[in-house]
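Taken in sequence, the protein lines are chains C and U. Numbering-wise (our numbering), the first sequence opens with residue 1274 and increments by one. Numbering-wise (our numbering), the second sequence opens with residue 4 and increments by one. Input: a single structure, listed below in C-alpha cells.
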Amino acid sequence: MKNRTLNRCFLLVLAGGVSLAMSSLQAEPRTWTSSDGRTLEAEFSGTAGAGASAVVKLKLPDGSVIDYPVSKLSEQDKLFVKGNLPTDPAALAAEIDKLVLNKLKESYYGLKEELAALPQKADLTPAEKAKRQEEIAREMEMCVPNQMTNDNQFLRRIYLDVAGRIPTYDEAESFLNDRAPNKRAVLVDKLLESEGFVMRMYNYYSDLLRIREGITMMGNGNLKVDPYMEWVKQSIREDKPYDEMVRELLTAKGKIWEEPAVGYLVSDQGMRMCNLSNTFTIFMGTEITCAQCHDHPFEEVYQMDFYKMASFMGETETSARGGDMMMSGGSDYRAEVDRMNKVLKDAGKLRPNQNTDQNLGQWIGTHRTQVVDSGSNAVKLPHDYKYDDGEPLAPVKPDTYFGDKMDLSKYETPREAFADWVVSPGNPRFTINVVNRFWKIAFGLAQIEPVYNIPGHLDGQAQNYELLSFLEEMMKDLDYSVKDYFRVLYNTQAYQREAETLTPSLTQVDKGTYHFPGPILRRMSAEQIWDSLVALTTADPESVVRRGWDDYKAVMNVDFSSLKSADDILKWKQDWSQASKLVKYNGEVVSREDTVGGAQMFRASELRQPMSADHFLRMFGQSDKQLIENQFTTGSSPQVMALLNGEITNRVLTSPDAYLIKEIAYGKGSTRDNVDKIFLSVLSRYPTTQEKSMAQSGMRAKTDRDMNEQQKMQAEAMAIGNVIWALVNTREFMFIQ
Amino acid sequence: MKDELNRLDQLSRRQFVARAAKTALGVSILPIGAATRTARAAGGGKAEHCIFFYMSGGMTHMDTFDPKPGAETGGQTKGASTGVAGVELAEFMPQLAKRFSDIAVVRSMTQKTGDHRGGSYWMRTSYEPRATIIHPSMGPWAQTHLGKMHDTLPDSVVIGGGGEHPGAGFFGPALAPLPIGDPDKGVQNARPYSGVSEDLFDKRLDLMNTFDDSFRRKFQTDEVKAYTQFYEETLKLMKSEDLETFDLTKEKDYDQKVQRYGNTRVGKGAMLAKRLVSSGVRFVEVVSGGWDMHNDLWNAIPQTGGQLDQALASLIDDLKAEGLFEKTLICVGTEFGRTPIINANGGRDHHPRAFSTMFAGGGISGGQVYGSTDDKGVAVKENPVEPKDFNATIAYALGLDLNKVVYSPSGRPFLVAGHTRDPKTDEIVTSGHPVMDLFS
C-alpha cells in the first residue's frame, strides 16, 4: 500500500516536469467526443493512471474536474491525450499490480461463494463435492499474494530472467551490500542494458524463429548463419521496436550475407505453406496448420482462408533460379566454373578420375538460397480441394480473414501488404501474442496457454481480459520497446513476490484462472543452466562473443574472372572453406582451455546452434531449432548422470585449479569464509548455520595436524569441491524461485 | 459451412489444451518406468525385437544388393553367387551371399527425394519433412503401440546416430531413444567420475540432501518432486546390473567377437545391438555412414560394403545360436540408391528412383528377392516399395496395428506407416502396406 502511494507521488512529480508542455493544451476549452459520439465542452487538465485504466482529467465550465476514461474517447481525442500519458515504469507497474490484486481478490470471493453453495448443489455426488471442495481450497490458497522476495531471491531470479544466468560472486556481493532503496529498479535497468540480456533474449528468439547452423530446413553447410544471428542480437541490443523487427523479417529480400533478416524466410526454404503457418504461430499466437488440409476443427478458419493468406506470400521465392540469382562471380558464372575446373584438372589438382571440383558446385547452390519476389503468384488451391467455394488447383487472390482488409494496389508486392497487416494496430492478435509470450518469460506461465493458440474471441474466454488488454495498450504506448515492456514487468510487485509453492492445476492453466499470487517455480532452461555454470568459471561470462564474418561476405562475392591460376583458385577454395566453417570469437578463432563435451565454456548463445544431440545443452532441453519453441525442461536420467558423474561437476568446477576454488574461495577475502563464498556463488545466498557446519566438518576431516600448509590447502580445496558438487546437484540450483 | 466429417471427434478442444498445458508446465512421464506391455495386434508377425541398420549417405544398390555385372552401368562390380539360380549379390557381400537362405532382399525401393535429410526423414518416419511437426521414428512408435518392454531398460536405442534423427518426434522427450555415440563407451556418465570412490560419492550425496532439504520442503511442486525421483531412479540404475548391458567389454569372448563382427563402428554397433536385444531392449538402430560415394566409389566400396557384410553375417549367426533369430527382425535401410551412370569423378550420385533394402529373421522368409529394377538399375520394373511400405513391413513384423490413429499434441492424426483418407468411408487409414510376400 505504502509503495503505491509513493508511486502516485512520483507520478505527480513527473506530471509537474511536463507541465510546460501541457500548459498550451490547458489554455482553451475544447469539444471532447466520446467513442459513441457524445460531446462535452471542457478544459484538459492532465491525466491519471495508465493503460486501460488511464483517465483524462476534464475541467468543466462550472469549475469542477471529472475523470473520464481515455479508452472511451474518440480516436482523435485519444491521440490528443496520448502524449501526456505516463510511460514511467513504476506507474505502469503499479497499474499492473492493482489489476493483479483485484483479480486475486475477486477470484478469492468467487471461490468462497462457490464453496458456500457447494452443499446445496443437487447435480453433484457427495464424492464430486468432496473433490471440488478440495480443489477450491487449493485454488483459494493460490489467491493469496505471496510474500515479497528477499534480496537474495530477487537477485538470483532477476539475473536469470534478464541476463540468462545466475549472478557472479562479485555481482551478488555488490547488490546485497547496496543500501539504496531503489536498488532493485536500478539493477533491472542495468541488466536490461547488459550483453547478458542480448544473449538471453537471443536464446528465446532462436528457439522461436528456429535459428540454426545451415539455416534451411535441409541444412546447407555452406550457408553461414552468423549474419542472421548478429542481426537478431543487434536488434535486441539496440531495442529495435518489436513491430519493426517483425516487419523486417517478413519483408527482407536478397542473400543472407547482404540482407541478414532474410534468414527468417530462408529457414523454411521450399516450404511456403509451413512458413505461413509458422508466421501465424510465432507472431499471432494462432495455429492454422490444420486449415492447410481442411477447415479448422475448433476455430472459424476455413481452408479457403488459409490459401488466401498464403497467397500474400505466393510471389515470394526462397530458391532463386536463372536470372534471379544475381550472381557475383562474373556475368557468365557457369562458363567461369567450367574454365576453373579445367584449370584445376590441367594443373593436376583434381584426382585422376575426378573432373569437377565440389566446392564450385556448392558455391552456386549457396547463392541460390535467397529471397526473391518473382512477380507471379504460385499459390493455388490443393488438387483435392473439396469445398464449394473454389475449384481444385484454382489460383487464389490474397485476402485477410480477420483484422484489416488490405488494398494491394498501394504496395509493390503482396508480401509488403501482408507484413503491414501482421503488425498493424488493426490486427487483434499481433500485440496480444507478444505481451502474452513475454509475460510468460517473466512469470513462467502465460496469461493464455498455450501461447501458440490464442482463442479467436478473446474477451469471452480470457479470465484475465482486463490485465491482457492493459498490457496490450501498454505495449502500444511504449512503441513496442521490448526493454521497456520487460522493465515494467520486472518492476511489478507481482513479479517481485516469492514463487508459488503449489503447482497450478491443468484446469487453472487451461482456463487462465491462475492469477499470479507470484511467478511460477520453473526449472532453468538448458541455456540458463549452462550459462550459470559458465558464470561459475569466470568473472566475466559475457567477455567472449561470436562475432566476425566479413571474410565470408568477401569469398561469397568473389569475381571468378579474377581467379586465373590454379593457385588463385585453391587459395580461394581454402579461404571459402575457412570462412564458411570456422566460428570466430571476438573476431578471432580462439579457444578456451575448459571444455565440456568438447564445447568451450562460452555462453550458449555464442556456441554452435544447436549443439550436437549428445551435448549437455541438448540433454537438458536446448531446442533442436527444427520446430517453434522446441526446447524442454523435463528431466531425464542422462541429465542426472551428467551432473553426478560428468566433467562439469567433477573437474571444471571442482578441481583445485577451478575458478571457484582458486579465485573465489582462496582469492577473495578470508579463507574462513570459504563456505559462505561458495554458497553465494552457487545459490546466491549464504548458508544456514547447520549447512555451514556440515560443510566445514568435511573440510576439517580432510586436514590433520601433520600436514604442512600446502597439503592442508590442497585437502581443503578438495573438500570445497565436494560442497560445490553437492550445491550444483540441488534442486535449489536447478529451479528458479 | 463447417465440415462435420473433419472434426476430430476423439479429441475435444478441452483435451487438446490440457495436453498443451502439460507441456507448458514441464510435467511429463518418467522415461524410466515399469514395463507396461499390452497385447499385440492380431495378425502381426513374429518379431519381438528389431535391429535396424541405417546406411547413412545413400547406399549404392548397384554395388551391394542389386549388382548388374556386365551392364554398361555395372562398373567394376562383379557378382557373388547366392546358390539360387539367377540371383547374385555384389562381390562385396560374400558372407551374406552364403547366408542368402536367411535373408530377403527388396530391390524395388523407390523414394521421392534425393536430398539426404529429406530422404532419411521419409525412411525413418514415413512422412514428408515439415517445418511444423516432427514425426516419430519406429522405436517410439512401437513403444506407443505396445507399451514398454522392460522395467528399467529403455525401449529404443540409437547407436552412432547424428543430430538429425527424428527420435520420438511429437511423442516428446520421455519416449526418445537413448542415444549411444560410441558402442565401446556405452552410456555417457554412467559411472562415478574417475577417482571418485563410492565412499566419497555417498558423502557428496549426503551433503546434497542436507543443502537441498529446506528447498524441497518448501516447494513440493510436481516438477521438483519429479526431479527428486529422477535422482533416486538414476542412483538405482547406476547400481543395477542393467548398466552392464550397455558395456560391450562385458560381452563374453569380447576379443574373439570383435574379430568376427569387425573392429568397426558397424561391427561393434551390431555386437552391442545384439547384447541390448537379448537383455530386453525392443528396438535398436545402428547408424553407419560412408555411403555418399560421389567420388572414387570402387576405392571405398570394398571396405564399406565389406564391413556391413561382416557385421550382418555375424549377427545372423549369433542370433541363430542364441535362439533369437526368429524373434528378432533385422533390416537394412538407407535414404536412396546411387545413379547407375558413373559420374565424371568415378562415383555415383543420388538416385531416389530405385534402391535396395534387406530383411532377415523375425518371421521373414529368407532366400528371396522381392521386386526388381530394369537392366541398367535406373527404374523399378515391378512391385515398387516406398518408405512407408518399408516401415509398414517392420510394423507388421512387430505386430503393430497399422490403422491405429495417434494424435499429436496439436490434435493432428498420425499413423505408424503414414496415413491417407479412405475415399469411401472418409476414415483415416494407413497409406503404407507391408510387403506380405516377405513373410513365411
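Just so it is clear, CB atoms sit at the ideal spot from N, CA and C, and this is done for glycine as well. Fair warning: this is a prediction, and the values are worked out from it, not measured in the lab.
Residue i and residue j: beta carbons closer than 8 Å?
i: U:Gly336; j: U:Phe55; result: yes
i: U:Pro195; j: C:Asn1918; result: yes
i: U:Met141; j: U:Phe286; result: yes
i: C:Ser1954; j: C:Tyr1442; result: yes
i: C:Val1695; j: C:Val1535; result: no
i: C:Ile2009; j: C:Arg1760; result: no
i: U:Pro143; j: U:Thr128; result: no
i: C:Arg1945; j: C:Thr1422; result: no
i: C:Val1461; j: C:Tyr1763; result: yes
i: U:Thr113; j: U:Trp125; result: no
i: C:Val1505; j: C:Tyr1475; result: yes
i: U:Arg133; j: U:Glu167; result: no
i: C:Asp1898; j: C:Arg1545; result: Inspection of the sequence shows that residue 1898 of chain C is occupied by Lys rather than by Asp. No, these two residues do not count as a Cβ contact at 8 Å.
Counting only Cβ pairs nearer than 8 Å, list the residues of chain U close to residue i.
i: C:Asp1541; result: Ala134
i: C:Gln1627; result: Asn298, Asp299, Ala347, Asn348, Gly349
i: C:Trp1636; result: Correct list: empty, because the minimum Cβ distance to chain U is about 16 Å.
i: C:Phe1585; result: Per Cβ cutoff of 8 Å: no residues; C:Phe1585 is ~18 Å from chain U at best.
i: C:Leu1794; result: Phe222, Thr224, Glu226, Val227
At 9 Å on the CB atoms, spell out the chain U contacts of residue i, in chain order.
i: C:Arg1624; result: Asn298, Asp299, Asn348, Gly349
i: C:Phe2008; result: Phe218, Phe222, Thr224, Glu226, Val227, Tyr230
i: C:Val1498; result: Under the 9 Å cutoff, chain U gives no residues; its nearest Cβ is about 15 Å from C:Val1498.
Can you tell me the Cα-Cα spacing of residue i and residue j, whole angstroms?
i: U:Pro182; j: U:Thr147; result: 18 Å
i: U:Thr67; j: U:Ala93; result: 5 Å
i: U:Met439; j: U:Gly366; result: 11 Å
i: C:Ile1934; j: C:Trp1998; result: 12 Å
i: C:Leu1623; j: U:Thr80; result: 24 Å
i: U:Ala145; j: U:Ser443; result: 22 Å
i: C:Ser1835; j: U:Met62; result: 39 Å
i: C:Asn1709; j: C:Gly1717; result: 11 Å
i: C:Phe1893; j: C:Lys1355; result: 46 Å
i: U:Gly293; j: U:Phe339; result: 14 Å
i: U:Gln313; j: U:Asp118; result: 28 Å
i: U:Val457; j: C:Asp1619; result: Absent from the structure is residue 457 of chain U, since the part of chain U shown begins at 4 and ends at 443.
i: C:Ile1842; j: C:Asp1804; result: 42 Å
i: C:Glu1588; j: C:Gly1663; result: 21 Å
i: C:Val1707; j: C:Phe1556; result: 7 Å
i: U:Val109; j: C:Glu1902; result: 40 Å
i: U:Leu14; j: C:Ile1937; result: Confidence at U:Leu14 is low in this model, with a pLDDT of 36, below 50, so its placement is unreliable and the value that follows should be read with caution. Each residue's Cα considered, the two are about 56 Å apart.
i: C:Ser1878; j: U:Glu91; result: 54 Å
What does residue i reach in chain C if we use C-beta pairs closer than 7 Å?
i: U:Thr360; result: By Cβ distance, chain C contributes nothing, its closest Cβ being about 23 Å from U:Thr360, past 7 Å.
i: U:Tyr234; result: Val1913
i: U:Pro195; result: Asn1918
i: U:Thr213; result: Glu1964, Met1967
Who are the neighbours of residue i on chain C, taking C-beta pairs under 8 Å?
i: U:Thr237; result: Ser1910, Val1913, Met1914, Leu1917
i: U:Gly184; result: Asp1887
Could you work out which residues of chain U lie near residue i, taking near to mean beta carbons separated by less than 7 Å?
i: C:Val1996; result: Leu210
At least 3 beta-carbon pairs within less than 8 Å: the region 1807-1821 of chain C vs the region 1464-1481 of chain C: yes
Entirely within the region 1963-1990 of chain C and at least 4 residues each: give me those alpha helix (DSSP H) ranges in chain order. Fully enclosed alpha helix (DSSP H) runs of no fewer than 4 residues are not present anywhere in the region 1963-1990 of chain C.
Which runs of the beta strand (DSSP E), 3 residues or longer, sit entirely within the region 280-346 of chain U? 286-291, 331-337
Using a Cβ distance threshold of 8 Å, determine whether the region 1381-1390 of chain C contacts the region 1343-1350 of chain C, with at least three qualifying pairs required. no
Quick one: any contact between the region 1426-1436 of chain C and the region 1331-1338 of chain C, if contact means 3 or more CB pairs under 8 Å? no
Curious, which full-length beta strand (DSSP E) runs of at least 3 residues does the region 1592-1671 of chain C contain? 1642-1646
At 3 residues or longer, what runs of the beta strand (DSSP E) sit wholly inside the region 99-132 of chain U? 106-112
The region 299-314 of chain U in contact with the region 258-267 of chain U per 3-pair CB rule at 8 Å: yes
Contact between the region 1521-1535 of chain C and the region 1557-1574 of chain C (3+ Cβ pairs under 8 Å): no
Does the region 1774-1792 of chain C come into contact with the region 1409-1421 of chain C, if we say contact requires no fewer than three beta-carbon pairs (one atom in each stretch) closer than 8 Å? yes
List, from N- to C-terminal side, the alpha helix (DSSP H) runs of 4 residues or more that fit wholly inside the region 241-277 of chain U. Counting whole runs of 4 or more residues, the region 241-277 of chain U contains the alpha helix (DSSP H) stretches 245-248, 257-264.
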